[in-house]
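Top line first, the protein sequences correspond to chains P and A.
The first sequence finishes on residue 403 if you use the working numbering, and the numbering steps up by one all the way, no holes.
The second sequence finishes on residue 136 if you use the working numbering, and the numbering steps up by one all the way, no holes.
Notes to accompany the following structure.
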Amino acid sequence: MSELRWHPILREWVMTATHRQDRTFLPPADHCPLCPTKPGGLPTEVPEPTYEIVAFDNRFPSLQPRPPEPAVAGTALCPVQKAQGVCEVILYTPQHEGTLTDRSVDDIEKLVYVWTDRFDQLSSLDYVKYVFIFENKGKVIGVTLEHPHGQIYAYPFIPPRLERELESARLHFEAKRSCLFCDLMREELDDGRRIVYANEAFLAVVPFYARFPYEVHITSRRHMGALTDMTPAEKRSLAEALKVVLLKYDNLWGFSMPYMMVMHPRPSDGGNYEYFHFHIEFYPPHRTPEKLKYLAGSEAGAGAFINDTLAEEKAAELREAFPQTTKDGLLKAQIE
Amino acid sequence: MSETKPKSEGEIVASNDRWIMRRRTKKKDDGRTITYYTFQPLNEVQRTKSSEGEASDV
């Protein structure tokens with residue numbers, strides 16, 4: 068059963084998806100449903116014996132192109148809707164072991180092209196209002212399958228976090244006639260203390276207002292709304308930026324850093340969002356090698372984050388992690 | 079590491095100065111959609127084209 072239930076107090080949709088309780092949980096490597104189907108072997112999610120990059124409809128979706136009728140009737144205050152949308156899984160590689168960090172810049176660049184095509188394809192569906200590309204990495208994030216993969220949710224609404232970002236960007240644009248994200252990037256470049264990495268087309272920083280200790284935002288230097296606006300050179304630069312940030316995370320403490328990686332493009336509902344600016348956000352849950360930042364009372368109950376660290380200090384730590392970067396965010400030595 | 083090479087088939091949906099990206103969409107047995115992406119190096123594409131040209135000349 069799945070449906071959208073309206074939360075009248077927060078004015079946002081809650082997706083119910085009871086079938087997700089039955090999803091596969093951390094199977095052994097030889098029973099991985101995301102590996103290719105070997106000749107004579109058990110069928111997996113990918114019927115062919117190999118692949119490069121694959122996207123497929125999630126077996127346990129929260130949103131479906133042809134959703135069932137809601138299981139309950141709504142009320143005037145609490146309406147319900149069918150959970151129409153798309154939930155996809157993207158497999159980065161047929162190799163079971165490893166993470167996105169282990170992929171070469173060339174491979175990550177190919178993934179950027181696939182993300183772009185999926186964004187384009189899903190945006191064309193008339194019931195899709197927002198295409199959200201993300202990756203949950205690590206058991207502490209709740210990952211149920213270890214094979215390197217990401218996900219896409221094509222929502223039939225603009226999610227509340229994005230609505231708030233859009234509203235901030237719109238208000239800033241109306242007041243200043245400039246892009247909020249471009250202006251924030253200019254402040255970060257002027258200050259310099261929170262820069263982690265910089266290349267021709269992207270800037271990675273621990274933002275001034277970071278909510279997680281090692282939160283990193285990657286923003287395009289050129290004002291653009293989505294992956295589909297990028298030139299081939301910018302896609303290559305994005306792949307390099309992702310590779311550097313991922314390497315830094317894994318080398319910070321010598322273990323594969325769990326994180327949530329989320330992309331924030333403009334909505335896909337046909338509206339004019341020229342004031343919005345594409346960016347990627349990473350939220351690693353660790354605050355030390357042994358301790359996690361939990362979303363506890365203040366964060367979950369009041370929506371007010373407490374960050375026990377200073378963004379300026381965490382950015383300096385990330386600059387020092389391999390591959391080391393200068394105060395301007397430039398690589399001290401080239402990487403493969 | 080996979081031993082077989084993925085099929086380079088499907089519609090060309092993107093390219094750069096090194097390869098072309100193809101997309102091939104299929105329905106799985108349960109009706110769900112699966113989309114395969116393959117990347118063919120440009121030099122390989124050019125080799126295929128020239129060998130096809132030679133064949134048609136014969």
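Glycine included, each C-beta is placed from N, C-alpha and C at the ideal position.
Because the structure is a prediction, the values reported are computed rather than measured.
Just to confirm before moving on: does the CB-CB distance between residue i and residue j stay below 7 Å?
{"i": "Asp317/P", "j": "Met328/P", "result": "no"}
{"i": "Phe199/P", "j": "Tyr220/P", "result": "yes"}
{"i": "Pro299/P", "j": "Asn121/A", "result": "no"}
{"i": "Thr111/P", "j": "Pro100/P", "result": "yes"}
{"i": "Glu176/P", "j": "Arg303/P", "result": "yes"}
{"i": "Phe279/P", "j": "Lys206/P", "result": "no"}
{"i": "Ala308/P", "j": "Asn266/P", "result": "yes"}
{"i": "Val147/P", "j": "Pro132/P", "result": "no"}
{"i": "Phe345/P", "j": "Tyr326/P", "result": "no"}
For the beta strand (DSSP E) that contains residue i, what are its first and last residues?
{"i": "Leu247/P", "result": "Premise fails: Leu247/P lies in the alpha helix (DSSP H), 247-258, not in any beta strand (DSSP E)."}
{"i": "Glu406/P", "result": "Given that chain P is displayed from residue 68 to residue 403, the structure contains no residue 406/P and the question cannot be resolved."}
{"i": "Val283/P", "result": "283-287"}
{"i": "Pro119/A", "result": "111-119"}
{"i": "Ala265/P", "result": "262-265"}
{"i": "Thr183/P", "result": "It is not in any beta strand (DSSP E) - Thr183/P instead sits in the alpha helix (DSSP H) that spans 172-190."}
{"i": "Leu270/P", "result": "269-272"}
{"i": "Asp124/P", "result": "120-124"}
{"i": "Arg354/P", "result": "Element bounds for Arg354/P: n/a, residue is neither H nor E."}
If we count the other Cβ atoms within 10 Å of its Cβ and call it buried at 16 or more, is residue i buried or exposed?
{"i": "Leu144/P", "result": "exposed"}
{"i": "Leu270/P", "result": "buried"}
{"i": "Pro356/P", "result": "exposed"}
{"i": "Pro274/P", "result": "buried"}
{"i": "Tyr276/P", "result": "exposed"}
Once DSSP output is grouped into helix, strand and coil, what is the label at residue i?
{"i": "Asn203/P", "result": "strand"}
{"i": "Lys381/P", "result": "helix"}
{"i": "Ala140/P", "result": "coil"}
{"i": "Gly217/P", "result": "strand"}
{"i": "Ser80/A", "result": "Confidence at Ser80/A is low in this model, with a pLDDT of 44, below 50, so the placement of that residue is unreliable and no value is reported for it."}
{"i": "His331/P", "result": "strand"}
{"i": "Tyr197/P", "result": "strand"}
{"i": "Glu230/P", "result": "helix"}
{"i": "Ser134/A", "result": "Bear in mind that a pLDDT of 41 at Ser134/A, under 50, signals an unreliable position, so the model cannot answer this."}
{"i": "Ala242/P", "result": "helix"}
{"i": "Glu164/P", "result": "coil"}
Determine the extent of the alpha helix (DSSP H) in which residue i is found, giving its start and end residues.
{"i": "Val311/P", "result": "299-320"}
_Contact set between the region 111-131 of chain A and chain P, restricted to residues whose Cβ is under 9 Å from the partner_ = Listed by position along the chain: Thr111, Ile112, Thr113, Tyr114, Tyr115, Thr116, Phe117.
Exercise for the section: Taking a Cβ distance cut-off of 8 Å, strictly less, list which residues of the region 97-119 of chain P are near chain A, in chain order. Expected result: Within the region 97-119 of chain P, the qualifying residues are Pro103, Glu112, Val113, Pro114, Glu115, Pro116, Thr117, Tyr118, Glu119.
Quick one, which residues of the region 179-201 of chain P are near chain A if we go by CB-CB under 9 Å, in chain order? Within the region 179-201 of chain P, the qualifying residues are Tyr180, Val181, Thr183, Asp184, Arg185, Asp187, Gln188.
*Members of the region 115-148 of chain P near chain A, C-beta cut-off 8 Å*: Within the region 115-148 of chain P, the residues whose Cβ lies closer than 8 Å to some Cβ of chain A are Glu115, Pro116, Thr117, Tyr118, Glu119, Ile120, Val121, Ala122, Phe123, Asp124, Arg126, listed in chain order.
Taking Cβ-Cβ distances below 7 Å as the criterion, which residues of the region 291-309 of chain P are in contact with chain A?
-> Within the region 291-309 of chain P, the residues whose Cβ lies closer than 7 Å to any Cβ of chain A are, in chain order, Pro299.
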